[in-house]
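Here's the structure, in structure tokens; my notes come after.
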Amino acid sequence: MSLNREDVLKIAHLARLGVADAEVERYADELSNILALVDRMNAVDTSAVVPMAHPLDGTQRLRPDVVKEIDQREAFQKIAPAVSDGLYLVPKVIE
Amino acid sequence: MHLKSVFDLSKALREKKVSSRELVVHFLKRIEERNPELNAFITVTQEQALKEADRADVLIARGEAGPLTGVPLAHKDLFCTLGVRTSCGSSMLDNFIAPYDATVVERCRDQGLVMVGKTNMDEFAMGSSNENSYYGPVRNPWSLDRVPGGSSGGSAAAVAARLVPLATCTDTGGSIRQPASLTGITGIKPTYGRVSRYGMIAFASSLDQGGAMGLSAADAALLLGAMAGFDERDSTSLARDQEQFTDNLEADIDGLRIGLPRQHFGEGLDPRVGACVEAAIEDYQRMGARIVEVDLENTDLSIPAYYVVAPAEASSNLARYDGVRFGHRTENPQGLEDFYKRSRSEGFGAEVKRRIMIGTYVLSAGYYDAYYLKAQQLRRIIKEDFQRAFEQADVLMGPTSPSVAFRLGEKLDDPVTMYLCDIYTNAVNLAGLPAMSIPAGFVESMPVGLHIIGNYFDEARLFNVAHRYQQVTDWHTRIPLGFE
Amino acid sequence: MDWEPVVGLELHAQLSTKSKIFSSASTAYGAAPNTQACAVDLGLPGVLPVLNAEVVRMAVKFGLAVKAKISPRSVFARKNYFYPDLPKGYQISQYELPIVDKGEVTIQIDGGSEKRIGVTRAHLEEDAGKSIHDVFPDATGIDLNRAGTPLIEIVSDPDMRSAAEAIAYMRKIHSIVRYLDICDGNMQQGSFRCDANVSVRKKGDTRLGTRTELKNLNSFRFVERAIEYEIERQIDVLESGGEVAQETRLYDPDGNETRSMRGKEEANDYRYFPDPDLLPVEVTDELVEEIRASLPELPDAKRQRFCDHYGLNAYDASNLSLSRELADYFERTVEISGATPKLCANWISGELAGALNKAALEIGQSPVTPELLGGMLKRLADETLSGKLAKQVFDAMWSGEGEADAIIEAKGLKQVTDAGEIEALVDAAIAGNPEQVAQYRAGKQKVLGFFVGQVMKASQGKANPGQVNELLKKKLGNE
Chain A
303 MSLNREDVLK
313 IAHLARLGVA
323 DAEVERYADE
333 LSNILALVDR
343 MNAVDTSAVV
353 PMAHPLDGTQ
363 RLRPDVVKEI
373 DQREAFQKIA
383 PAVSDGLYLV
393 PKVIE
Chain B
-11 MHLKSVFDLS
-1 KALREKKVSS
9 RELVVHFLKR
19 IEERNPELNA
29 FITVTQEQAL
39 KEADRADVLI
49 ARGEAGPLTG
59 VPLAHKDLFC
69 TLGVRTSCGS
79 SMLDNFIAPY
89 DATVVERCRD
99 QGLVMVGKTN
109 MDEFAMGSSN
119 ENSYYGPVRN
129 PWSLDRVPGG
139 SSGGSAAAVA
149 ARLVPLATCT
159 DTGGSIRQPA
169 SLTGITGIKP
179 TYGRVSRYGM
189 IAFASSLDQG
199 GAMGLSAADA
209 ALLLGAMAGF
219 DERDSTSLAR
229 DQEQFTDNLE
239 ADIDGLRIGL
249 PRQHFGEGLD
259 PRVGACVEAA
269 IEDYQRMGAR
279 IVEVDLENTD
289 LSIPAYYVVA
299 PAEASSNLAR
309 YDGVRFGHRT
319 ENPQGLEDFY
329 KRSRSEGFGA
339 EVKRRIMIGT
349 YVLSAGYYDA
359 YYLKAQQLRR
369 IIKEDFQRAF
379 EQADVLMGPT
389 SPSVAFRLGE
399 KLDDPVTMYL
409 CDIYTNAVNL
419 AGLPAMSIPA
429 GFVESMPVGL
439 HIIGNYFDEA
449 RLFNVAHRYQ
459 QVTDWHTRIP
469 LGFE
Chain C
5 MDWEPVVGLE
15 LHAQLSTKSK
25 IFSSASTAYG
35 AAPNTQACAV
45 DLGLPGVLPV
55 LNAEVVRMAV
65 KFGLAVKAKI
75 SPRSVFARKN
85 YFYPDLPKGY
95 QISQYELPIV
105 DKGEVTIQID
115 GGSEKRIGVT
125 RAHLEEDAGK
135 SIHDVFPDAT
145 GIDLNRAGTP
155 LIEIVSDPDM
165 RSAAEAIAYM
175 RKIHSIVRYL
185 DICDGNMQQG
195 SFRCDANVSV
205 RKKGDTRLGT
215 RTELKNLNSF
225 RFVERAIEYE
235 IERQIDVLES
245 GGEVAQETRL
255 YDPDGNETRS
265 MRGKEEANDY
275 RYFPDPDLLP
285 VEVTDELVEE
295 IRASLPELPD
305 AKRQRFCDHY
315 GLNAYDASNL
325 SLSRELADYF
335 ERTVEISGAT
345 PKLCANWISG
355 ELAGALNKAA
365 LEIGQSPVTP
375 ELLGGMLKRL
385 ADETLSGKLA
395 KQVFDAMWSG
405 EGEADAIIEA
415 KGLKQVTDAG
425 EIEALVDAAI
435 AGNPEQVAQY
445 RAGKQKVLGF
455 FVGQVMKASQ
465 GKANPGQVNE
475 LLKKKLGNE
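Chains A, B and C, in that order, are what the protein sequence lines are. In case it helps, this note's numbering puts the first sequence at residues 303 to 397. In case it helps, this note's numbering puts the second sequence at residues -11 to 472. In case it helps, this note's numbering puts the third sequence at residues 5 to 483.
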């Protein structure tokens, strides 16, 4: 599978990565090369194989419904780029 | 002092022949002197280290010391450390002072280990050469114009150059074993789930596993013993009894069945590296081990499968870096979309962006089945290959890396060639097995690593097998020229 | 042309756990911004989710209540998209393997008939935080206290054919989650939310028409109005030769209309995949049986019992079983009053419901407790009170004047049932109005009402109206 300009722009948008115009071709080449490597997977018929999402065959361990966390807003917001009145700030979202 | 094993340091500390403060000061001085040429550390935590050393000395004086109390240690810079920058090798987190400790960091501190700093790494652990760090490449102490491997290259170079006796590290596709191999030290990636991932900044959650680096198997076993164990904050953490990985070190290996995967000795392997590995295997035979040939038929498919699974998980794991709650944030954005795109593309380096894009693509509508699901199917096939091999063998052996350390810049412009460095290691992560790399000779004065893969939960045997080899060889005691 | 509306609902119920679905932070409503958002809720680098066991139990409870199959293994997936109130850049949800598989509920529709509505699935997920747009002039503020609150999303089959059916279904689910005590059902605070999928098709068509998804429906009334509006709008579009666009539309309660969100919403590609931090969730048969055994009586069973045991009609039984509190109120009232269940039902659905509605109170907040109402109905049943007097007593109880007996005593509201006393009043009325007597005897039966009024007035409303009636008829007819 080789990617074209449009593919790169679409993927970059989904991933919210800014790609400068001059970079698009380079990305298209690099990503296409990686996909060529990845496409080697098709050498094997896996139609009868159950997919494995995780190396552990186990099931999930649950935790009891107990509140353990205390308010750490001050510590957490000390490392935040922009806060006011306890809220994290982002550019105005137009609804 | 920096040439001693952790066992010996521990003994000296408890016999009060040296204090932890003296030891820590010694290593800090070495770091100060030698790190500039290696660039193995991103952050050195001198003040905090001295405080911790003094605390360790109090414990030792009181007779409350454990085997690791007072021993210096470095953490790979993706383990969150409360109050200390945790950069993950990325400009994105250059300003990130972690507000909490990773479980591994907590456990090491509980054992009295003294953190002297945070080691350099490929950005977000993506890379096999340590050239993808925002903080610049790490250099291999065996030859400063060569790479130390990656992504735990800083930890590996620091241990190899005797700047610190122990270092934590992580392995998603070979990131412990390949740099251990390229710098001539011992590194272990345990079974998935042994070491808590809480506070370990994620690259690919189903593959990431924390591990240990040291000069010998015995040293690494001590550190892994401190790191490993059940953690209620990681629901993939294994609820198993705490194991003492050092208990079994001396056991006899007569009759050990060593499986040699045919596919790990084929095309692509530097024959000189192959010769070192074969010599090591002959050493094992002399110790009574039996050799069986095994097949890991789908070895070449592990790289394609890995380069679907790992980027897919990474594309999602790295979505949280958006400049809202922490990390890099762009200036004067034009609206929300611009804010996201600029914050993220300014904060991430080239390789990280490539992998995010590949991961986004393989999960996107219309491609999920052909890529992601296909890779998950291959993952099962690869796991089953290993299971069959372990019916015939107790451990599998081969080269860790197809070649010795390459030169800086040599593969930088060709991501795919770089990916092929991990041909022998990727599959182990896909299956979740434990594996280690130990020094087994030199090619052109550069270290060669022997890859030892174990069955699930068989770390104690891996350490035993490695330790017995290190008792009859001295590769692991060799010191890079100029770092004596 | 005849059009048939097709409606399906997606209901989100916040589960009333103490801690969040994947972290140990509190879920309490109304805390100062970001004081209940822990490292996990904030999606700090390195944190991991650990699932709350109670969330799984609650989902199983719900599944059993809608007669669904509980998945022995269900899987959490990541739904990837960027939004400032979604800290990790993905929402942990269930996609391919939800915990609750196909189920169904029965709704009661007009005319007392019943209809089965399919529940396609119900799955667990985490709630997002809140974006606050009106505090800062050129920034949006983000409060992540709500992030990680457990939600169960209940998806119906497209089985409803009107806004009224949709509301009946929604009320039924609302009543089930409250019966199960897994959600407080508060729509204003957003603990129970609804999105509606609406389409129309020609009557007789088997294929579904293009649907729109309606959002911002935060009360039962808005859901009903929005669906009604949307059905009309789509019919208008189709009848004028247009096509319905598949899109999300926002309901505007002020203008009572739905508006397209087109342009603000792009075609999303959520890139779902199994969350590698979370292994499959196992629900064992033992757990299912344990939970089944602990289920409370559910609305349908209660309704049936109210019909069978108390002889209520279907309408009353449905009404009174809508909420567990109301049903309990009813049963307690019957027990205390010794009055007929029908009388109790009438008072609860009538006078009490009206008063609560007017004061915007829930049944649990009623100043007239079942003990008070039961005490009054006891006096109505033993004829100490007439219906009219009972209303006065009820009003007094509502204003906090105490128990019925005390009010009756203090205000002298006891009904006059003494035959002699009533006869005297009746005689006086007949004697004082010869003209009306003549009219009555000439066949103008309506005049009887006049006499009843006279007697009641003379007794200050306390004479037993039944006795008065009977005696008047007897006396007026006699001569």
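We put the beta carbon where it would ideally sit given N, CA and C, even for glycine. Keep in mind it's a predicted model, so treat the numbers as computed, not measured.
Range covered by the alpha helix (DSSP H) that runs through residue i
i                 : result
Pro403 of chain B : Pro403 to Tyr407
Thr171 of chain B : Arg165 to Thr171
Cys96 of chain B  : Thr91 to Asp98
Ala35 of chain C  : No alpha helix (DSSP H) contains Ala35 of chain C, which DSSP labels as neither H nor E.
Pro303 of chain C : Pro303 to Tyr314
Rounded distance between the beta-carbons of residue j and residue i, thought under 8 Å
i                  : j                 : result
Leu13 of chain C   : Ala200 of chain C : 5 Å
Ser169 of chain B  : Ser433 of chain B : Not a contact, Cβ separation roughly 15 Å.
Ser(-2) of chain B : Asp45 of chain B  : The Cβ separation is near 14 Å, so there is no contact.
Leu154 of chain B  : Ala200 of chain B : 7 Å
Leu286 of chain B  : Asp373 of chain B : Per the sequence shown, residue 286 of chain B should be read as Asn rather than Leu. Correct: roughly 6 Å between the Cβ atoms.
Leu475 of chain C  : Glu427 of chain C : 6 Å
Euclidean distance between Cα positions of residue i and residue j
i                 : j                 : result
Val456 of chain C : Ile411 of chain C : 26 Å
Trp402 of chain C : Asp6 of chain C   : 50 Å
Ile411 of chain B : Phe191 of chain B : 19 Å
Gly323 of chain B : Thr179 of chain B : 45 Å
Asn83 of chain B  : Tyr328 of chain B : 18 Å
Glu269 of chain C : Arg263 of chain C : Reliability of the predicted coordinates at Glu269 of chain C is poor, the pLDDT of 49 falling under 50, and no value is obtained from them.
Leu365 of chain C : Leu389 of chain C : 27 Å
Asn344 of chain A : Tyr359 of chain B : 9 Å
Arg82 of chain C  : Leu283 of chain C : 13 Å
Ala146 of chain B : Val352 of chain A : 43 Å
Asp271 of chain B : Ala377 of chain A : 55 Å
Ser143 of chain B : Met109 of chain B : 8 Å
Asp163 of chain C : Arg197 of chain C : 19 Å
Gly406 of chain C : Gln471 of chain C : 29 Å
Thr31 of chain B  : Ser79 of chain B  : 14 Å
Ile381 of chain A : Tyr309 of chain B : 13 Å
Pro427 of chain B : Glu281 of chain B : 22 Å
Within chain B, partners of residue i - CB distance below 7 Å
i                 : result
Leu358 of chain A : Tyr180, Gly181, Thr224 and Gly420
Asn149 of chain C : What Asn149 of chain C touches in chain B: nothing, since even the nearest Cβ is about 14 Å away.
Ala382 of chain A : Arg313 and Phe314
Host beta strand (DSSP E) of residue i (start-end)
i                 : result
Arg205 of chain C : Phe196 to Lys206
Thr144 of chain C : Ala143 to Asp147
Leu384 of chain B : Val383 to Pro387
Lys219 of chain C : Thr216 to Leu221
Asn84 of chain C  : Phe80 to Asn84
Interface residues of chain B facing residue i [CB-CB closer than 8 Å]
i                 : result
Asn335 of chain A : Pro403 and Val404
Chain C residues whose Cβ lies nearer than 7 Å to that of residue i
i                 : result
Asp309 of chain A : None at all; the shortest Cβ gap to chain C is about 13 Å.
Ala90 of chain B  : Gly50
Proximal residues of chain A, C-beta to C-beta of residue i below 9 Å
i                 : result
Phe140 of chain C : Ser386, Asp387, Leu389, Leu391 and Lys394
Listed by chain order, chain A residues near residue i by CB distance under 7 Å
i                : result
Ala57 of chain C : Leu364, Arg365, Pro366 and Asp367
9 Å Cβ cut-off: residues of chain B touching residue i
i                : result
Lys92 of chain C : Ser304, Asn305, Ala307 and Arg308
Residue i Cβ short of 7 Å to the ligand PLP heavy atom set
i                : result
His14 of chain B : As presented, the structure is devoid of all ligands, the ligand PLP included, so that no description of it is given.
Residues that residue i contacts on chain D, provided the C-beta gap is smaller than 7 Å
i                 : result
Asp273 of chain C : Among the protein chains in the structure shown, which are A, B and C, there is no chain D.
Chain A contact residues for residue i, given Cβ-Cβ distances below 8 Å
i                 : result
Leu376 of chain C : Within 8 Å Cβ-Cβ: nothing; Leu376 of chain C doesn't reach chain A, min ~37 Å.
| field | At least 3 beta-carbon pairs within less than 8 Å: the region 175 to 193 of chain B vs the region 49 to 59 of chain B | value | no
| task | Evaluate the contact criterion for the region 3 to 21 of chain B versus the region 219 to 233 of chain B: three or more CB pairs, one atom per stretch, below 8 Å. | result | no
| message | Does the contact criterion of 3 or more C-beta pairs under 8 Å hold for the region 344 to 357 of chain B versus the region 252 to 263 of chain B? | response | no
| message | Would the region 374 to 392 of chain C count as touching the region 340 to 347 of chain C if we require 3 or more Cβ pairs under 8 Å? | response | yes
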